[in-house]
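Residue 54 in numbering that gives the first Met the number 0 sits at position 55 of the sequence shown; the count goes up by one each step and never skips.
Comments concern the structure below.
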Amino acid sequence: MGKEIERKFLVKSDVYKSLAQGTHYHQGYIPTVNGMTVRIRIAGEKAFITLKTRALGITRHEFEYPIPIEEAQQMLDLMCAKPQIEKYRYVVPASTPEGDNGLCWEVDEFLGDNQGLTIAEIEVPAEDTVFDIPEWVGEEVTGDKCYYNSNLCKFPYKEWKNNN
0 MGKEIERKFL
10 VKSDVYKSLA
20 QGTHYHQGYI
30 PTVNGMTVRI
40 RIAGEKAFIT
50 LKTRALGITR
60 HEFEYPIPIE
70 EAQQMLDLMC
80 AKPQIEKYRY
90 VVPASTPEGD
100 NGLCWEVDEF
110 LGDNQGLTIA
120 EIEVPAEDTV
130 FDIPEWVGEE
140 VTGDKCYYNS
150 NLCKFPYKEW
160 KNNN
């Protein structure tokens, strides 16, 4: 069983764009009634179905499987709620006090109804993993459900009051 332990942060500047190339993502969510998440994602030329349990703190169980891109597009069109998420993702190597350990920042620059929102996530092997925070990474929003992609479909950033 896979586990996802993830920390989320707002982004202060676009320095990350000079560190990586963006990949276009299109993703949607199949509605559930139990707090679980079922995501269909097309990332560049690959597609995946992902099932996630509810988060317990910053940890949740995650199962992800590759699927044919044509089937992913059909699922997005026929099964996923609207609106859906479109974004560019930039993957930037992260550093820790011990040096490079394979961690990466995933920076999501949202499009459409969520344009103007940019979030950096780092997936860590344990909740107490120490990592360096680059100067372009800002306020931590881990645990704030407003920033979950599945909630950004229901309550897009453009509808938030006082967003910048």
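Ideal placement from N, C-alpha and C gives every residue a C-beta, glycine not left out.
Taking just the CA atoms, how far does Gly27 sit from Lys7?
-> Sequence index remark: in the sequence shown, residue 7 carries index 8 (1-based). Sequence index remark: in the sequence shown, residue 27 carries index 28 (1-based). C-alpha separation (whole angstroms): 20 Å.
Classification of Thr31 by the beta-carbon crowding that lies within 10 angstroms, buried from 16 upward | In the sequence shown, the residue the question calls residue 31 occupies position 32. Thr31 is exposed by the Cβ-count criterion.
Where Lys153 falls: helix, strand or coil (DSSP) | As a position in the sequence shown, residue 153 is number 154, starting the count at 1. Helix.
Counted within 10 angstroms of its Cβ, other Cβ atoms place Glu70 as buried (16 or more) or exposed = One-based indexing of the sequence shown puts residue 70 at position 71. By the neighbour-count criterion, in which 16 or more other beta carbons inside 10 Å mark a residue as buried, Glu70 falls on the exposed side.
Specify the secondary structure class of Cys198 as computed by DSSP and reduced to three states.
-> What the structure shows of the chain is the stretch from 0 to 163, and residue 198 is not part of that stretch, so it cannot be assessed.
Identify, in the order they occur along the chain, each residue of the same chain with its Cβ nearer than 6 Å to the Cβ of Leu18, setting aside the five sequence neighbours on each side.
-> For the purposes of this step, residue 18 is taken as the residue at position 19 of the sequence shown. Scanning its chain for C-beta atoms nearer than 6 Å, with the 5 sequence neighbours on each side dropped, one finds around Leu18 the residues Val91, in chain order.
Whole-angstrom Cβ separation of Gln83 and His25, contact assumed at under 8 Å?
-> On the sequence shown, position 84 is the one that residue 83 refers to. On the sequence shown, position 26 is the one that residue 25 refers to. Contact holds; Cβ gap of about 7 Å.
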